[in-house]
Amino acid sequence: MTDIIVQGLTQNNLKHVSFRIPKEKITVFTGVSGSGKSSIVFDTIAAESQRQMNATYPAFVRSRLPKYPKPVVERIDNLTASVVVDQSPLGGNARSTVGTISGLYSSLRILFSRIGKPYVGTASYFSFNDPNGMCKTCSGLGKVSQIDIEAVIDPDKSWNEGCIKDSLYRRGSWYWRQYAESGLFDLDKPVKDYSSEEYNLLLYGSRNGKGEPENPKVTGIFHKYTKTLLNRDLSSKSKHTQKKSQDLVTEMECTECHGKRLNEEALSCKINGYSIADLCEMELTQLREVLSQITDQTVGVLVQTLIEGLDRMIEIGLPYLHLNRETPSLSGGEAQRLKLVRYMGSSLTGMTYIFDEPSAGMHPRDVYRMNNLLKQLRDKGNTVLVVEHDKDVISIADYVIDVGPQAGQDGGEIVFAGCYGDLQKSGTLTGKAMLQSLPVKQELRRPSGSLPVRGANLYNLKNVDVDIPLGIMTVVTGVAGSGKSTLISKVFANQYENDVVMIDQGPITATSRSTPASYLGFFDAVRKLLAEENGKPVSLFSFNSTGACPVCGGKGVIVTELAFMDPIITECEACGGVRYNEEALACAYKGKNIVELLGLTASQALEVFEDARITKRLRMMQQVGLSYLTLGQPLSSLSGGERQRIKLAKNLGKKGSIIIMDEPTTGLHMSDIENLLKLFDMLVSRGNTLIVIEHNLDVMKQADWIIDIGPDGGKNGGEVVFAGTPADMVKSAKTLTAHSLRASCS
Ligand code: ADP
Ligand code: ADP
Ligand code: ZN
Ligand code: ZN
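In numbering that gives the first Met the number 0, the protein residues as written are 0 to 745.
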């Protein structure tokens, strides 16, 4: 079997490296974050393979495919077709469910069309995405959204006092004037004194609440909010709009189908007493049980295929899901495992599968099962590439490529390549980390108080009573699906909304041009330094403003649209892609112009800048382990773990807050985790409360308090099975987490 051979790779920070990757083996890429693992695996291997695949399609297909830039490499040989199995969210709408994404729902539909009683029709009659099958009331969504308009009205106030609790309607604003100048309202009358006709005018623009608006400029605030908030994807809208939507839109179960999404005819069709919707509400283990009782030989093969699919989902640690679960509500780790399962069912061989930290979100107990799936994928004749930090995953590697020695400019080399046994002897950071583990913390902090949660019942939680200690670091543990996020990120965070700061891995809601410098708020200071040094206006150092290159208008590229062909995107020749005009580029601070300054990594920048407004923030980047990021790197290029850490950097100055983090070690090397723990110490010593959902055993050992949710996942979880110190957990607890923690101490 010929190896994949990469020669002279200089993508991103890589220093002209050459290496081989054995085919039909599991190769794990290790190294501190920012060392260059993704640059090799995603930006080079995956990108080049997909780019070459795309090139085989005709131009009109190509123009519809994603574009993969050519990696900066001298030569790559023996690539295969590749599939990236990453943690990006799965399809973003309510019509996409675990059932539709896994393909199991379509098999169930065929099953019902064959043996369901009474016979209804073809498989499309069981689809909630097809007019034949969907509930007409909710169009197959299972729920309807409603505007809670009263939440936005302050009944004690008049128009002049600001009766609409939305800054868009503040006194004197454009919206306010539409109403105030319509002549329809007494501007000094509080809303609670309105007659029902006046109230209808306010809400619907007409006195009876139904007809045409009396004044075309006043269509009613109910209609206004319905139009802007209902049935729309608001993810790209402003924070203000998203917050409003959260406050005003309530989702209610559809009263027609009761959340089952299908029409009466489809729901009346049953197999062994269950409708297709009943099956989709069951946890996968129970569904398997029900399917295995179908004895009709005519559908034997179909049932067998369904059961095999279910077994893979159960085996990979998702037994607690149900097929009707909407995919946007899955965590990154769950999404990745679902994708893995989908590919496990594939009959293609000879592919290269690429995984990004597949252990993310997994309890140590479940990692070995996933390891088995990776091995099966290999044994079917595929090449498996994995970026990982987890010891248990690294230990199954046939081959390890360790990238380092450090991050950014100080990384980019292959410091070790060989088998797992030799890695441990290699003396690299990863090699050393394989041999050590942190001790269980003995000197614990005392809580300054606690916040109660009583009778929590959301999803699988079983009347949970728990006290969350204040002023210390609590780690919340438990297998995937046990209820950690439901208890902490949903119930607790909602109850104490005003005191809680959530630092998650979700997208950063800022403009697409955001960079660490703009997000952390020191870009202005950099521009001011340049302006002062050169006696120029600050706006000259902004490519959205007077600093823009006149040829490309600050875009850095020229796009030439061609009919029936890919548009041609070329780097702007005038500015060489750097977006700024000559006048801006001619100005320097300490010998570096704006582009060169933004190209510095945080650690390099610390040697250039002295201004405290800047250095303070740069040190924060360092503290959260992001010193390798450049000041101008687009935030859109960050991984989930990096996004979470840059949000953490932004919140480092907090005092007296309750900070919640979900798996902050995602993407972190064992040596980075020690730094993160120091940072947690600092945050707690400043009077913050830290609540961390984690599977990492070193983090658990360093907690002041552990709350373990279990005993297992889904309906078998939802209880607090242990609350106490790490030492107590190791000593006497009998939970799954205690078992893993004890094993790692011996
Ligand atoms: P790892 O996967 O090991 O965490 P990466 O390959 O993501 O590391 O990053 C290696 C280096 O390349 C880092 O210094 C990172 O900031 C830089 N880098 C990664 N992606 C980009 C990009 N799109 N533009 C500029 N620099 C990048
Ligand atoms: P953990 O954080 O421990 O992995 P979760 O809190 O995400 O677990 O999930 C606990 C249970 O609640 C699981 O059975 C899960 O399927 C269910 N659940 C979580 N989120 C939702 C949701 N949005 N809709 C329906 N069920 C959910
Ligand atoms: Zn309905
Ligand atoms: Zn230009």
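All residues carry an ideal CB built from backbone N, CA and C; glycine is no exception.
Alpha helix (DSSP H) segment containing residue i, residue limits
i    : result
G420 : Y419 to K424
P725 : P725 to S731
Q747 : Summary: the structure shown does not reach residue 747, with the chain confined to residues 0 through 745, and so no result is reported for it.
G598 : Premise fails: G598 is in no alpha helix (DSSP H) and is neither H nor E.
I613 : A611 to Q622
M699 : L696 to K700
F125 : From DSSP, F125 is part of no alpha helix (DSSP H); its letter is neither H nor E.
G107 : A quick correction: the sequence has Leu, not Gly, at residue 107. L103 to I114 is the extent of the alpha helix (DSSP H) around L107.
I163 : Neither: I163 is in no alpha helix (DSSP H) and is coded neither H nor E.
I758 : Coverage of the chain is limited to positions 0 through 745, which leaves residue 758 absent and any answer about it impossible.
A276 : I275 to E280
L628 : Where L628 is concerned, there is no enclosing alpha helix (DSSP H), given that its DSSP letter is neither H nor E.
S743 : L735 to C744
Unbroken beta strand (DSSP E) run spanning residue i, endpoints
i    : result
T136 : Premise fails: T136 is in no beta strand (DSSP E) and is neither H nor E.
E73  : V72 to D76
W704 : W704 to G709
S81  : S81 to V84
Q335 : From DSSP, Q335 is part of no beta strand (DSSP E) but of the alpha helix (DSSP H) over G331 to M343.
M501 : V499 to I502
R19  : V16 to I20
G430 : It is not in any beta strand (DSSP E) - G430 instead sits in the alpha helix (DSSP H) that spans L428 to L434.
G403 : Y398 to G403
F354 : T351 to D355
E570 : I567 to E570
CA nearest to the CA of residue i, picked from the options
i    : options                   : result
S181 : D192, E197 and S166       : E197
D707 : I692, L317, Q701 and V537 : I692
E718 : G575, A93 and V465        : V465
S105 : V151, L617, L278 and W175 : L278
H257 : T382, L140 and P212       : L140
C548 : S205, N580, S541 and K554 : N580
N131 : I471, L266, I152 and R74  : L266
Q245 : T664, L228, T55 and I353  : L228
A722 : D703, T326 and G713       : D703
E333 : T734, I109 and V84        : V84
G631 : F127, L286 and S517       : S517
T121 : M133, R108 and N128       : R108
L202 : V217, P189 and A93        : V217
K649 : D711, C571, V594 and P515 : P515
M343 : E356, I313, G360 and D365 : I313
G709 : R445, T736 and E673       : T736
L437 : M669, S449, Q285 and D165 : M669
V720 : S488, L689, G477 and N159 : G477
T240 : M251, R260 and T225       : T225
E111 : R94, A276 and A492        : For clarity, residue 111 is Phe in the given sequence; the question names Glu instead. Among R94, A276 and A492, the Cα nearest to that of F111 is on A276.
I471 : G349, D680, C137 and N159 : D680
Y458 : S481, V474, L443 and K390 : S481
T284 : Q177, N715 and V31        : N715
Bridge-paired residues (DSSP) for residue i
i    : result
S144 : E250
G448 : L469
I306 : Per DSSP, none; premise fails for I306.
A722 : I706
K591 : Y588
E23  : Looking at the DSSP assignment, E23 forms no beta bridge with any residue, so it has no partner.
A416 : I400
Q6   : R74
L384 : T26 and I353
A406 : Answer is none; A406 lacks a bridge partner.
D661 : I692
A455 : V463
L261 : M133
V474 : V691 and I705
E325 : T96
Y579 : A547
Task: Runs of alpha helix (DSSP H) lying entirely within the segment 40-75, each at least 4 residues, in chain order - done: Those alpha helix (DSSP H) runs which fall completely within the segment 40-75 and span 4+ residues are 46-54 and 58-61.
Open item on the list: Quick check on the DSSP output: what are the complete beta strand (DSSP E) runs of length 3 or more inside the segment 481-558, in order along the chain?
Closed with: Whole beta strand (DSSP E) segments, 3+ residues: 499-502.
TODO: Pick out the complete alpha helix (DSSP H) segments inside the segment 176-242, 4 residues or longer, and give them in chain order.
DONE: List check, alpha helix (DSSP H) in window: 195-203 and 220-228.
TODO: Using the beta-carbon of each residue, find all residues closer than 5 Å to any heavy atom of ligand 3 and list them in chain order.
DONE: Taking each Cβ in turn, the ones that pass are C134, T136, C137, C253, E255 and C256.
Open item on the list: Residues around ligand 4, please: the ones whose beta-carbon is closer than 5 Å to some heavy atom of it, in chain order.
Closed with: Checking every Cβ against the heavy atoms of ligand 4 under 5 Å gives C548, V550, C551, C571, A573 and C574.
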